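*Asks:* Just so it is clear: in the sequence shown, position 70 is 197 by our numbering, and no numbers are missing.
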Amino acid sequence: MATRKAKTTGKDVRAARAELYRAAILEAAERVFAEQGYEASRMQTVAAEAGVALGTLYKVFAGKQDVLDAIHRQQGEKLIHAATSHADLAGGPLEAVLSGTDAYMRYLAAHPNYLKIHLAGGHAWALGSGYISPEQVRQFDTGLQIIALFLTRAMDAGVMVREDPLLSARLMIAAHQVMLADYVDRGDGDVEGLVARVRAYMLRAFAP
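Quick look at the structure:
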């Protein structure tokens, strides 16, 4: 007996359309926020960049803060997944820390607008303060705990200097911020050079 196809309803079509609008708006907002800065950006500009009417934008997002939160939620979750996936596949606790960091660097380098939004804030990432997005705070807290967990395993194995794991995690994040800012300033797009510099620094600073 032939299987009957599920009937597509008007609600399904509207949901699919809203998801397309959402993706286009987030992509456009990343570009606009990166180029103009979050505070200076206008929703009219984001809508025009996305190719949608301003009214359509406000049907999908409540406002500019909602858009920023959605960017950090979407990209932050992907970033953490990329880093932890590589760390979990690594051969040993030291390589787990290094491989996770490699993936973190490569992800941000592959998403330059998202990276610029992070760097444009001008605050110290490692302190976890100064963020204007609650979602960014949540992603930071999650990332900090994950880094501390992998560092604890490396310290217990004797392949990293014994220290407060959270303090070491914050020191690593501070170094990552400086090196990513330097990478952007260089403008040469040498991602593997960035990865190599970060690896070398981490071994000098944290390995016994």
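Here a beta-carbon is modelled for each residue, glycine too, at the ideal position from N, C-alpha and C. Here the structure is a predicted model, which is why all the values come from computation and not from measurement.
Less than 8 Å between the C-beta atoms of ASP268 and GLY257, yes or no?
*Replies:* Result no, Cβ atoms of ASP268 and GLY257 do not sit closer than 8 Å.
*Asks:* Please return the same chain residues whose Cβ sits closer than 6 Å to the Cβ of ARG326, not counting the five positions on each side in sequence.
*Replies:* LEU225
*Asks:* In whole angstroms, what is the alpha-carbon distance linking ILE207 and GLY218?
*Replies:* 19 Å
*Asks:* Give a yes or no on whether the C-beta atoms belonging to ALA284 and PRO220 are separated by under 8 Å.
*Replies:* yes
*Asks:* Let me check understanding here. Comparing Cα to Cα, which of ALA189, MET282 and ALA174 lies closest to GLU157?
*Replies:* ALA174
*Asks:* Just checking, does the segment 185 to 205 make contact with the segment 273 to 291 on the three C-beta pairs under 8 Å criterion?
*Replies:* Because the criterion of three Cβ pairs below 8 Å is not met, the segment 185 to 205 and the segment 273 to 291 do not touch.
*Asks:* Helix or strand or just coil, what does DSSP make of ARG200?
*Replies:* helix
*Asks:* Buried or exposed: which applies to VAL159, given that a residue is buried once 16 or more other Cβ atoms fall within 10 Å of its Cβ?
*Replies:* Classification of VAL159: buried, given that the 10 Å Cβ count is 16 or more.
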